[in-house]
Amino acid sequence: MKNQSYDRIQQNESVIIIDTKDPVFASSIIGTLYGIEKIVIATEIENDFDIVLSNIAKIGQNLLLRGEKFLVRIEGQAIKYLPKDLELAATSLLIEKTSHLQTKPGSETSYDKILYTYLTKSHAYICIFIDKGNGGIPYNSHNEKILCCVHDEFSAISCLQIIKMGFEPKILVCYRSEPDLLNIVKMINQILSHIIQDKVELQFCKLSLKSSGSSSFLLKIAAITEILTVIATRTKIERISVAISSMIFPAWFIEYNAKVVLKKKLVPWFPLLGVDNSIFENAHEFGLEKYMSRIQNLCKLKFRDDNIQKDKIHKISQTAMKTRKTIIVKIGTNNVHDIIDSLKSNH
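This is how it looks when you write it as structure tokens:
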């Protein structure tokens, strides 16, 4: 909202009000933030039973089409009446006012339009548009940094989950080839829209891995964990996000990575450790739904034993650290091109 035009931003109890001439655009920006339960475009009026009732009926008459089922939902609190009483009165009045349209009240599970109103002690907000927010905790509420690595679709969701948990992510990108890099940078672009900063520092390491089987995948993850511990120690970041889930990896491998981090006196965080099939819902929520088939393929991997080749892991991580690059990206509309161009000029 920093560069957008608005008349006021203020708080009324749990409601943040943005008075703007372009509410549709404003709501789309707010939709990328965390710590928000609902996003609505609404009319603000005095919280008086009769005034709110008449306005709900007026807006309902303008919104409802012939034969539609509607649901009146009132939430919040009022001083002189119960929200449920207003809900029932508004439903009855709408039945009367829209009888010529043959509308009828629906149910929680069956309706065409919802007429949603939120009450504070002083005002009522009658909504003409309502959308689900991302939930979670506001950006960097903990005022703590966590080092994350994005190297595939699953790790991208893990990084976004760290943001949703109220941390500031410091992002490392690990890639194996130029096409792999481009694919990951596109995911990074999705992540950047959730970061409330003008500029973001990104680090890059190239991994020397040629095979693509399950054993190679374990090597890759273990090497990335080692790389993260090295960078975290050098940059004095105390926490590391480990993009591992018990839905994909065996217990021994999860424990191995945790021990590697703890041995360096760092704190491992596993944002997706206990996740189940809700990971696919998360992919949609984070704008990564086009990568869902790849996430599903990760879940199908089979791992045979607990043979960790520490020499190979160390060699891969050491080689990758020699390729490490750092760039500063000014978040905008051309993030993908800006990142790729910055990497090329950083040679």
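Residue numbers for the sequence shown follow this note's numbering, so the first one is 29 and each next one is one higher. Glycine residues also receive a C-beta, built at the ideal position from the N, C-alpha and C atoms.
**OP:** Compute the minimum distance between the beta carbon of ILE199 and the heavy atoms of the ligand HEM, and state whether it is under 8 Å.
**Re:** Absence of the ligand HEM from the depicted structure is noted, as is the absence of any ligand whatsoever, leaving it without description.
Original post:
What's the gap between the Cα of SER273 and the Cα of PHE298?
Top reply: Reading the sequence shown from its first residue, position 245 is the one you call residue 273. Reading the sequence shown from its first residue, position 270 is the one you call residue 298. Roughly 8 Å separates the two Cα atoms.
Original post:
Got a sec, what are the start and stop residues for the alpha helix (DSSP H) LEU121 sits in?
Top reply: To locate residue 121, count along the sequence shown from 1; it is residue 93. Per DSSP, LEU121 belongs to the alpha helix (DSSP H) from 111-125.
Original post:
DSSP on VAL68, reduced to helix/strand/coil?
Top reply: For the purposes of this step, residue 68 is identified with residue 40 of the sequence shown, where counting begins at 1. Assignment of VAL68 by DSSP, reduced to helix, strand and coil, places it in the strand class.
**OP:** Express the C-alpha separation of GLU136 and ILE336 in angstroms, rounding to a whole number.
**Re:** Sequence index remark: in the sequence shown, residue 336 carries index 308 (1-based). Sequence index remark: in the sequence shown, residue 136 carries index 108 (1-based). CA-CA distance, ILE336 to GLU136, rounds to 53 Å.
Original post:
DSSP state of SER82, grouped into three classes?
Top reply: The residue you call residue 82 lines up with position 54 of the sequence shown. Here SER82 sits in helix by DSSP.
**OP:** Could you tell me if PHE53 is buried or exposed, where buried requires 16 or more neighbouring beta carbons within 10 angstroms of its beta carbon?
**Re:** If you number the sequence shown from 1, residue 53 lands on position 25. With fewer than 16 Cβ atoms within 10 Å of its Cβ, PHE53 is classed as exposed.
Original post:
In chain order, what residues of the same chain have a beta carbon less than 8 Å from the beta carbon of ILE67, not counting five sequence neighbours either side?
Top reply: Your numbering for residue 67 matches position 39 in the sequence shown. So the qualifying residues of the chain are SER55, ILE58, GLY59, ILE158, ASP159, LYS160, GLY161.
Original post:
Can at least three beta-carbon pairs, one atom from the segment 230-240 and one from the segment 265-285, be found at a separation below 8 Å?
Top reply: Between the segment 230-240 and the segment 265-285, the count of C-beta pairs closer than 8 Å stays below three; the two stretches do not touch.
Original post:
In chain order, which continuous runs of the beta strand (DSSP E) of length 3 or greater are located wholly inside the segment 336-370?
Top reply: Runs of the beta strand (DSSP E) inside the segment 336-370: 353-358.
**OP:** Please list, in chain order, all residues of the same chain as PHE360 whose beta carbon is under 8 Å from its beta carbon, the five residues on each side excluded.
**Re:** Here residue 360 is taken as the residue at index 332 of the sequence shown, counted from 1. The sequence shown places Gly at residue 360, rather than the Phe named in the question. Exclusion of the five residues before and after GLY360 leaves ASP366 as the residues of its chain whose Cβ lies within less than 8 Å of its Cβ.
**OP:** Whole angstroms is fine: what's the gap from VAL43's alpha carbon to ALA251's?
**Re:** As a working mapping, residue 43 is identified with position 15 in the sequence shown. As a working mapping, residue 251 is identified with position 223 in the sequence shown. If you take the alpha carbons of VAL43 and ALA251, they lie about 45 Å apart.
**OP:** Measure the C-alpha to C-alpha separation of ARG94 and ALA118 and round it to an integer number of angstroms.
**Re:** Looking up residue 94 in the sequence shown gives position 66. Looking up residue 118 in the sequence shown gives position 90. For ARG94 and ALA118, the distance between alpha carbons rounds to 18 Å.
Subject >> Which residues DSSP lists as bridging ARG101, in chain order >> reply: For the purposes of this step, residue 101 is identified with residue 73 of the sequence shown, where counting begins at 1. DSSP, once it has assigned bridges, lists TYR144 as partnering ARG101.
Subject >> Residue of ILE79, GLY63, LYS291 minimising C-alpha distance to GLY164 >> reply: As a first step, residue 164 must be located in the sequence shown, where it is residue number 136. The shortest C-alpha separation from GLY164 is found at GLY63.
**OP:** Note down the Cα distance separating ILE107 from GLU74, rounded to an integer number of angstroms.
**Re:** Translated into positions along the sequence shown, residue 107 becomes position 79. Translated into positions along the sequence shown, residue 74 becomes position 46. Each residue's alpha carbon lies about 12 Å from the other.
**OP:** For the alpha helix (DSSP H) containing LYS225, list its first residue and its last residue.
**Re:** Your numbering for residue 225 matches position 197 in the sequence shown. Sequence inspection shows Gln at residue 225; the Lys mentioned does not correspond to that position. Neither: GLN225 is in no alpha helix (DSSP H) and is coded neither H nor E.
Subject >> Coarse secondary structure for ALA106, derived from DSSP in three states >> reply: Counting from one through the sequence shown, the residue named residue 106 turns up at place 78. Three-state DSSP puts ALA106 in coil, outside helix and strand.
Subject >> Helix, strand or coil at HIS179 [DSSP, three-state] >> reply: As a first step, residue 179 is located in the sequence shown; it is residue number 151 there, counting from the start. It is coil, neither helix nor strand.
Subject >> Three-way DSSP call (helix, strand, coil) for SER150 in this model >> reply: In the sequence shown, counting from the first residue as 1, residue 150 sits at position 122. Coil, per DSSP.
Subject >> In chain order, each beta strand (DSSP E) run of at least 3 residues that lies wholly inside the segment 227-265 >> reply: Counting only runs of 3 or more, we get 227-234.
Original post:
Rounded to the nearest angstrom, how far is the Cβ of ASN217 from that of VAL364, given a contact under 8 Å?
Top reply: Along the sequence shown, read from residue 1 onward, the residue named residue 217 stands at position 189. Along the sequence shown, read from residue 1 onward, the residue named residue 364 stands at position 336. 5 Å between Cβ atoms; contact.
**OP:** For my contact list, LEU380 and CYS177 are in at a C-beta cut-off of 8 Å; report their separation, rounded to the angstrom.
**Re:** Residue coverage of the chain in this structure runs from 29 to 375, which leaves residue 380 outside it and unanswerable.
Original post:
Could you give the C-beta distance for VAL100 and LEU143, rounded to a whole number, given that I count them as a contact under 8 Å?
Top reply: Within the sequence shown, the letter at position 72 stands for residue 100. Within the sequence shown, the letter at position 115 stands for residue 143. LEU143 and VAL100 do touch by the CB rule: their CB atoms are close to 5 Å apart, below 8 Å.
Original post:
What number of angstroms, rounded off, separates the C-alpha of LYS372 from the C-alpha of LYS353?
Top reply: For the purposes of this step, residue 372 is taken as the residue at position 344 of the sequence shown. For the purposes of this step, residue 353 is taken as the residue at position 325 of the sequence shown. Answer to the nearest angstrom: the Cα atoms are 11 Å apart.
Original post:
Is it true that the CB of ASN83 sits closer than 9 Å to the CB of ILE154?
Top reply: Within the sequence shown, residue 154 is the residue found at index 126, counting from 1. Within the sequence shown, residue 83 is the residue found at index 55, counting from 1. Closer than 9 Å, so yes.
Original post:
Which word fits GLU24, buried or exposed, when buried means at least 16 other C-beta atoms lie within 10 angstroms of its C-beta?
Top reply: Residue 24 falls outside the range modelled here, since the chain spans only 29 to 375, and no answer is possible.
**OP:** Could you spell out the range, first to last residue, of the beta strand (DSSP E) harbouring ASP208?
**Re:** Here residue 208 refers to the residue found at position 180 of the sequence shown. It is not in any beta strand (DSSP E) - ASP208 instead sits in the alpha helix (DSSP H) that spans 206-220.
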